[in-house]
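Trainee:
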Amino acid sequence: MRRALGAALLAAAALAQVTWAPRFEVGGAFPNLVLLAVVAVTWTLGARSALVWACVGGLLLDLTASGPIGPHALALLPGVYVIGFWIRNLERPHALHVALSAAVTTVFYSTVIVLTDNFLGLPVAPLGVAAQLTLAAAVYNALLMPVAIELVRRMQLMVRTGPQPG
Amino acid sequence: MLLLAMLSQQSWAAGARGAAKSALAPAEGAMTSLAAQVDRVTSAFGDVASLRAENQQLRAADEQLRRQIVELNAAARENASLRQALDLEKASGHRMVAAQVIGRGPDSFSRTMQIDRGTADGVQPGMVVATGAGLLGRVREAGPHAAIVQTLGDPQSRVNVYLSKSNLQGTVSGGPSSLRLDIQHTLGVTASPGEWALTSGVGGGYPRGLVVGELANVTHRDSSTTDEAQIAWVNDPASTSFVLVITDFLPS
Chain F
1 MRRALGAALL
11 AAAALAQVTW
21 APRFEVGGAF
31 PNLVLLAVVA
41 VTWTLGARSA
51 LVWACVGGLL
61 LDLTASGPIG
71 PHALALLPGV
81 YVIGFWIRNL
91 ERPHALHVAL
101 SAAVTTVFYS
111 TVIVLTDNFL
121 GLPVAPLGVA
131 AQLTLAAAVY
141 NALLMPVAIE
151 LVRRMQLMVR
161 TGPQPG
Chain Y
1 MLLLAMLSQQ
11 SWAAGARGAA
21 KSALAPAEGA
31 MTSLAAQVDR
41 VTSAFGDVAS
51 LRAENQQLRA
61 ADEQLRRQIV
71 ELNAAARENA
81 SLRQALDLEK
91 ASGHRMVAAQ
101 VIGRGPDSFS
111 RTMQIDRGTA
121 DGVQPGMVVA
131 TGAGLLGRVR
141 EAGPHAAIVQ
151 TLGDPQSRVN
161 VYLSKSNLQG
171 TVSGGPSSLR
181 LDIQHTLGVT
191 ASPGEWALTS
201 GVGGGYPRGL
211 VVGELANVTH
221 RDSSTTDEAQ
231 IAWVNDPAST
241 SFVLVITDFL
251 PS
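Taken in order, these protein sequences are the chains called F and Y. Heads up, the first sequence is in the working numbering, so the first residue is 1 and it goes up one at a time. Heads up, the second sequence is in the working numbering, so the first residue is 1 and it goes up one at a time.
1) Roughly how many angstroms separate the alpha carbons of F:Val129 and F:Arg154, rounded to a whole number?
2) Grab me the residues of F:Leu144's own chain with a C-beta within less than 8 angstroms of its C-beta, minus the 5 sequence neighbours each way, in chain order.
3) Is Y:Ala216 close to chain F, meaning its C-beta is less than 8 angstroms from at least one C-beta of that chain?
4) With a threshold of 8 angstroms between beta carbons, is F:Ile83 in contact with chain Y?
5) Taking the CB atoms as reference points, tell me whether F:Val104 and F:Val82 lie closer together than 8 angstroms.
6) Beta-carbon separation of Y:Leu181 and Y:Ala229 under 8 angstroms?
7) DSSP on F:Phe108, reduced to helix/strand/coil?
8) Only counting the same chain, and skipping five residues up and downstream in sequence, which positions put a Cβ closer than 7 angstroms to that of F:His97?
9) Could I get the ranges of all uninterrupted beta strand (DSSP E) runs contained in the segment 93-126 of chain Y, with 3 residues as the minimum, in chain order?
10) Alpha carbon to alpha carbon, how far is Y:Leu24 from Y:Leu135? Give it in angstroms, no decimals.
11) Taking the beta carbon of F:Leu63 as the centre, do at least 16 other beta carbons fall within 10 Å, making it buried, or is it exposed?
12) Runs of 4 residues minimum, wholly inside the segment 4-29 of chain Y: which ones carry the alpha helix (DSSP H) assignment?
13) What is the rounded straight-line gap between the Cα of Y:Val288 and the Cα of Y:Trp196?
14) So with CB distances below 7 angstroms, who are the chain F contacts of Y:Gln169?
15) Just checking my contact of Y:Gly213 with Y:Ala238 at CB under 8 angstroms: how many whole Å lie between their CB atoms?
16) Within 10 angstroms of its Cβ, does Y:Pro28 collect 16 or more other Cβ (buried), or is it exposed?
17) Would you mind telling me which residues of chain F sit closer than 7 angstroms to Y:Leu24, beta carbon to beta carbon, in chain order?
18) Give me the Cβ distance between F:Thr116 and F:Leu74, rounded to the nearest whole Å; I'm assuming they're in contact under 8 angstroms.
19) Go through its chain and collect everything with a Cβ distance to Y:Asn217's Cβ below 7 angstroms, but skip five positions before and after it.
20) Among residues of its own chain, excluding the 5 on either side of F:Val173, which ones have a beta-carbon nearer than 7 angstroms to its beta-carbon?
21) Would a check of beta-carbon distances place F:Val18 closer than 8 angstroms to chain Y?
22) Evaluate Y:Lys165 with the Cβ neighbour count: other Cβ atoms within 10 Å of its Cβ, from every protein chain shown; 16 or more gives buried, anything less gives exposed.
23) Give me the residue from F:Ala12, F:Ala21, F:Ala54 with the minimum Cα distance to Y:Asp107.
24) Using the beta-carbon count (16 or more within 10 Å), is F:Phe24 buried or exposed?
25) For F:Ala137 and F:Ser110, which I take to be in contact (beta-carbon distance under 8 angstroms), what is that distance rounded to the nearest angstrom?
26) Is it true that the CB of F:Gly6 sits closer than 8 angstroms to the CB of F:Trp53?
27) List the DSSP bridge partners of F:Ile87.
28) Output yes or no for whether 8 angstroms exceeds the beta carbon distance between Y:Val149 and Y:Val159.
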């Protein structure tokens, strides 16, 4: 049940990412719904589960993006790993930590995307433009993160209190 | 993942990669049309709210009729855009394939859009994509039933243009918020706002004469060999729903 719900959540996030999210562009950036979902999973289920879902969500994004398959999945992993480690060692997490985790993951994600494109010999955005877009996306994702985590928590609660098989 | 990226980048994997990407196209198409429906409904609600404030009598107006008007307006806009596209096809003399936009790129670094036509419809990577208003971009990848278009807004996009009045040459590059034009200096000639930038055909990347946009402002730089200008692009990728792929022109 949990896996099916997770897969459905990520598929919906990936589809919404390429159809709805660009409508909410501000300062050249728009929210990354898959990244938000994966960071929310890190907070609720831990880094191990989140790393698996980061691969799945990243591959879904790769299927909708131009270029080779893999960079988005790869880009989500380092951020999730780092914030997973950080969250585990937090004593009293609060909303600012939640927002900061999304911003940090966005910075890792954007950096890895640019580095991977460069490594694969694909055209890369100029450094200044890339930095500007990363900063805008980090702020955007940080602002939306508390909402995303609340949604994932509610879904988690729904799965726990739902009918049990057998 | 890096290994997968390296393998899927190879030319022999292009078919499988295109097929995998095409698999998501129907879901993207359905989601995009759902988004359009929601837009229509919310726009109907917006109309109701403003009318209520202006005139109490209009409260009693039939909701269904109003929704129909909104839908008819949307259909009229769509028809106008298709008619404009048809005019372009006739005027340019190029063979074209009409396609619907079903999705956009997942990140801000690559300004791309996905269309519902692919190799099965004669669409090939490198082909030029336009709308009735002017140049939109170029096909970057093509699967059997879907293709990914790199728009002019993509930071990696470059187009050689000339200006309609001064005849100056330059290169348009993409950016997060607007198109930038670097104009080559020519003694005694200066570019001025209001001029149109059209593809020059230099380099063989695009056919000559496609409209890119209007010069919004020009910054003269005495210390450089080029002037910098901002272009008001004739296309807004965020609201573009139909495009035309020019199928009889491939970059040289």
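Each residue gets a CB set at the ideal place from its N, CA and C atoms; glycine is no exception. This one's a predicted model, so the numbers in the text were calculated from it and none came from an experiment.
Mentor: On the basis of the supplied data:
1) 37 angstroms
2) Pro31, Leu36, Ala102
3) no
4) F:Ile83 does not count as touching chain Y.
5) yes
6) Their beta carbons are under 8 angstroms apart, which means Y:Leu181 touches Y:Ala229 by this criterion.
7) helix
8) Leu90
9) 96-104, 112-115
10) 26 angstroms
11) buried
12) 14-23
13) Residue numbering for chain Y in the displayed model covers 1 to 252; residue 288 of chain Y lies beyond these limits and cannot be assessed.
14) Simply none; closest approach about 22 angstroms.
15) Rounded, the Cβ-Cβ distance is 15 angstroms, inconsistent with contact.
16) Position check: residue 28 of chain Y holds Glu in this sequence, whereas Pro was assumed. Y:Glu28 is buried by the Cβ-count criterion.
17) Leu63, Thr64
18) Yes, they are in contact, since the Cβ atoms of F:Thr116 and F:Leu74 sit about 6 angstroms apart, within 8 angstroms.
19) Pro193, Ala229, Gln230
20) The structure shown does not extend to residue 173 of chain F, since chain F is modelled only from 1 through 166, so no value can be given for it.
21) yes
22) Exposed, because fewer than 16 other Cβ atoms sit within 10 Å of the Cβ of Y:Lys165.
23) F:Ala21
24) exposed
25) Right, their Cβ atoms sit about 7 angstroms apart.
26) yes
27) For F:Ile87, which the question treats as bridged, DSSP gives no partner whatsoever.
28) no
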